[in-house]
Amino acid sequence: MKGLSRISAFGLALLISTLAVAENTAPSAKTAGEDGRGFFSRLFGSDDDDKPAERAATSLPAPVESKAPAASQAASPPASQSSQTSVPARPEPEAKAIPQVAKASTPTPLASSAEDPYQILKRADESRGNLQGIAWNVAIEANERGRTDSMLYDIKARGFNISGLNIAPPKSKGQKLLMLDNNMWFHKPGLSKPIPISLRQKLMGQASYGDVASTNYAEDYDATRLPDETVDGVECYVFDLKARNSKTTYDRIVYWVDKKRMVGVKADYYTLSGKRFKSANMQYGSTVTINGEARPFISEIAIYEELMSGDVTTLSMTKPKLAPLPDFIFNINLFMK
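For the sequence shown, UniProt numbering gives the first residue as 1, with consecutive numbering after it.
Shown next as structure tokens:
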């Protein structure tokens, strides 16, 4: 009995020693646990072998259930429908659209360059004194409210500049007018210096100072062509002229130009507010030679006041003569001499 006890004690000590050595060399608890489970599983079998799905569920993290993808999928249209919605229809090629736009925005050209408003007005201006050297007399007669007044000027013009000398009646004889680049001055004997005046100031009756000067409608006004009309049986171009600056004689003019002779035959004069306040008819009974061509030249302008239908002021142009004019005639420093 004692021998058996010694053997048991010896065996117990040997077991403890073996366990101590095994503890120093044993793998981690996790590995040991797994090896232990594997050992007993191989030795005795395991219920896990009959439940692979449960084992997979235990060893892998459970998927997080999310309704967002499902909602997104429900909101998204089928592939074909989504393609139609998200991809816009291909526009017409730009090359096809450009000619249509250009065609719509391009104004219809006039029939020929001869019908260019600027050229028509420039030619009409030549028949009203816009030449490189011309002299003529202007007799002004104003009939207003049963009274008649008259005045006579000797006019010399070069281009758009004019020099005028009053030669009748005796009370106004010696008075002078000078216009340079749409600036006008008045002088009479006894004045120490010329007085600046406006082309719009009244000269006599319905005539303004600017009415005795050469016209420069081609340069002084912006022209808009209106439908053609007939005046006293004459086919005419019609232009709406709007002044480019305040130095012109009138703010706005509707102007009729004889198509055949290329001269202005009628004008309506308007205020800035659009009110017509007078009109005029022009006659061309004189002739001058311009660049070898016989051209009609202004002989009369009859100006009618809009409200007083019986009042008329007539400017009669006589003795037109083309001739070179010296510079001193248009020199303001020599104006008073």
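Using N, Cα and C, we set each Cβ at its ideal position, and we do this for glycine too. Predicted, not measured: the structure shown is a model, and the values here were computed from it.
Exercise. What are the boundary residues of the alpha helix (DSSP H) that residue 283 is part of?
Worked result: Working through the sequence shown from its first residue, we reach residue 283 at position 283. Careful: residue 283 lies outside any alpha helix (DSSP H), inside the beta strand (DSSP E) at 276-283.
Exercise. How should residue 115 be labelled, buried or exposed, when 16 other C-beta atoms within 10 angstroms of its C-beta is the threshold for buried?
Worked result: Position 115 of the sequence shown, counted from the first residue, corresponds to residue 115. Looking at its Cβ environment, which holds fewer than 16 other Cβ atoms inside 10 Å, residue 115 is exposed.
For this session: Could you pull the start and end residues of the beta strand (DSSP E) that residue 115 belongs to?
Result: Working through the sequence shown from its first residue, we reach residue 115 at position 115. Segment: none, residue 115 is in no beta strand (DSSP E) and carries neither H nor E.
For this session: List the residues that DSSP assigns as beta-bridge partners of residue 183.
Result: Translated into the one-based positions of the sequence shown, residue 183 becomes position 183. For residue 183, which the question treats as bridged, DSSP gives the partners 180.
Problem set entry | Between the CA atoms of residue 209 and residue 203 - distance to the nearest angstrom | Translated into positions along the sequence shown, residue 203 becomes position 203. Translated into positions along the sequence shown, residue 209 becomes position 209. So the two alpha carbons sit approximately 5 angstroms from each other.
Exercise. How about residue 214 and residue 128: are their beta carbons less than 8 angstroms apart?
Worked result: Here residue 214 corresponds to residue number 214 of the sequence shown, with the count starting at 1. Here residue 128 corresponds to residue number 128 of the sequence shown, with the count starting at 1. Yes; because the gap between Cβ atoms is below 8 angstroms, this pair is in contact.
For this session: Would you kindly check if the distance between the Cβ of residue 182 and the Cβ of residue 330 is under 8 angstroms?
Result: Position 330 of the sequence shown holds residue 330. Position 182 of the sequence shown holds residue 182. Cβ distance not < 8 angstroms, so residue 330 and residue 182 don't count as in contact.
Problem set entry | the region 252-260 touching the region 144-153, judged by at least three CB pairs closer than 8 angstroms | no
Exercise. How long is the line joining the alpha carbons of residue 178 and residue 172, rounded to whole angstroms?
Worked result: Position 178 of the sequence shown, counting from 1, holds the residue named residue 178. Position 172 of the sequence shown, counting from 1, holds the residue named residue 172. Answer to the nearest angstrom: the Cα atoms are 16 angstroms apart.
Exercise. Touch check for the region 188-207 and the region 216-232: three-plus C-beta pairs under 8 angstroms?
Worked result: no
For this session: Give a single yes or no on whether residue 292 has its beta carbon closer than 7 angstroms to a heavy atom of the ligand SAM.
Result: Only the bare structure without any ligand can be found here, which leaves the ligand SAM out of the picture.
Exercise. Would you call residue 332 buried or exposed, if buried means 16 or more other Cβ atoms sit within 10 Å of its Cβ?
Worked result: Along the sequence shown, one-based indexing puts residue 332 at 332. Exposed, by the Cβ-count rule.
Problem set entry | Close Cβ partners of residue 300 (< 6 angstroms) along its chain, the five nearest in sequence each way excluded | By 1-based counting over the sequence shown, the position of residue 300 is 300. Contacts found: 283 and 316.
Problem set entry | Bridge-paired residues (DSSP) for residue 263 | As a working note, residue 263 is residue 263 in the sequence shown. BP columns for residue 263 are empty, so no partner.
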